[in-house]
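Q: Would you mind keeping the following structure in view while I ask a few things?
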Amino acid sequence: MIDNGSVIPYSGTEPTVRLDPNQGFSRGMNAGLRAAFANSTTDSVLLLSNDAELAADFFAALELLPQTPAPVILCPAVYYLSDRSKPAYTHGKLEKVTGALSHHFDPAMTQIQFPDYYPAAATLWNRAAFERLGGFDERYFCYWEDVELSLRCQQLAVQLLPAPTLRIHHLGRGTTGGKKSYSGHFERGRALTMEILNSRG
Numbered sequence: 001m002i003d004n005g006s007v008i009p010y011s012g013t014e015p016t017v018r019l020d021p022n023q024g025f026s027r028g029m030n031a032g033l034r035a036a037f038a039n040s041t042t043d044s045v046l047l048l049s050n051d052a053e054l055a056a057d058f059f060a061a062l063e064l065l066p067q068t069p070a071p072v073i074l075c076p077a078v079y080y081l082s083d084r085s086k087p088a089y090t091h092g093k094l095e096k097v098t099g100a101l102s103h104h105f106d107p108a109m110t111q112i113q114f115p116d117y118y119p120a121a122a123t124l125w126n127r128a129a130f131e132r133l134g135g136f137d138e139r140y141f142c143y144w145e146d147v148e149l150s151l152r153c154q155q156l157a158v159q160l161l162p163a164p165t166l167r168i169h170h171l172g173r174g175t176t177g178g179k180k181s182y183s184g185h186f187e188r189g190r191a192l193t194m195e196i197l198n199s200r201g
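The sequence shown maps to residues 1 to 201 in the numbering used here.
Written out as structure tokens, the structure reads:
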């Protein structure tokens with residue numbers, strides 16, 4: 001568990017990593033990845049947002065997936081937290097001219113493929129992927145870090161694999177909790193990503 005500047009008392013599991021003040025999504029998740037992979041016996045790490053829950057059959061489904069030494073990040077299918085039977089998305093698309101994002105759900109996604117990005121509400125990293133990528137780009141406080149990560153995976157030959165049999169339930173915007181905060185972080189992330197894309201020609 002990563003405590004990223006929380007002001008709410010704990011009732012249960014104590015955090016392994018504490019950050020104060022809040023360092024943002026990218027820095028927080030990277031701190032968790034570094035702490036977990038510092039243990040030489042750790043093969044993979046599941047990153048789960050604070051506003052997401054695992055489906056009841058998540059770990060049973062995970063056991064059925066093949067293992068690989070290649071750099072891989074598994075991307076679960078996302079369902080709504082408010083209606084657990086309702087699908088939300090498996091992947092996202094980026095309009096590279098306008099910077100518009102959209103989420104899409106395709107339960108048939110089972111092959112290695114690179115849509116524009118996979119949302120980062122939950123990602124399962126193996127050690128090889130972390131060692132090659134180093135985690136999220138920490139210039140992003142929150143939002144759009146998943147788009148940049150997906151672009152970098154394509155450059156560095158890290159496989160982003162859709163894993164539709166792995167399901168999570170996501171509330172959405174639980175990281176910021178407010179419209180004004182959401183808008184500011186979102187627009188800054190968009191500007192940075194468009195700058196990166198434009199620099200590549």
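Glycine included, C-beta positions come from ideal geometry on N, C-alpha and C.
Taking buried to mean at least 16 other C-beta atoms within 10 Å of its own C-beta, is His170 buried or exposed?
A: buried
Q: Measure the C-alpha to C-alpha separation of Phe59 and Ser85 and round it to an integer number of angstroms.
A: Straight through space, the alpha carbons of Ser85 and Phe59 are spaced by roughly 18 Å.
Q: So the beta strand (DSSP E) Ser40 belongs to, where does it begin and stop?
A: Taken as a continuous stretch (DSSP letters only), Ser40 belongs to no beta strand (DSSP E), as it is neither H nor E.
Q: If you draw a straight line from the alpha carbon of Leu160 to that of Arg139, how long is it in whole angstroms?
A: 21 Å
Q: Tell me Pro119's beta-bridge partners as DSSP assigns them.
A: DSSP output for Pro119 lists no bridge partner at all.
Q: Between which two residues does the beta strand (DSSP E) carrying Gln155 extend?
A: Careful: Gln155 lies outside any beta strand (DSSP E), inside the alpha helix (DSSP H) at Glu145 to Leu156.
Q: Check Glu95 in the structure and name its three-state DSSP category.
A: strand
Q: Does the structure place the region 84-101 close enough to the region 26-44 that three or more beta carbon pairs sit under 8 Å?
A: no
Q: Could you check which residue in Pro164, Arg152 and Tyr89 has the C-alpha nearest to that of Pro71?
A: Each of Pro164, Arg152 and Tyr89 was checked against the Cα of Pro71, and the nearest Cα belongs to Arg152.
Q: Which word fits Ala163, buried or exposed, when buried means at least 16 other C-beta atoms lie within 10 angstroms of its C-beta?
A: buried
Q: Are the CB atoms of Ile73 and Trp125 within a distance shorter than 7 Å?
A: Result yes, Cβ atoms of Trp125 and Ile73 sit closer than 7 Å.
Q: Is it right to say Asn30 is buried, meaning 16 or more other beta carbons lie within 10 angstroms of its own, or is it exposed?
A: buried
Q: Assign Ala63 to one of three DSSP states: helix, strand, or coil.
A: Strictly speaking, residue 63 in this sequence is Glu, with Ala absent from that position. It is helical.
Q: With Arg18 as the anchor, note down where its beta strand (DSSP E) starts and where it stops.
A: Val17 to Leu19
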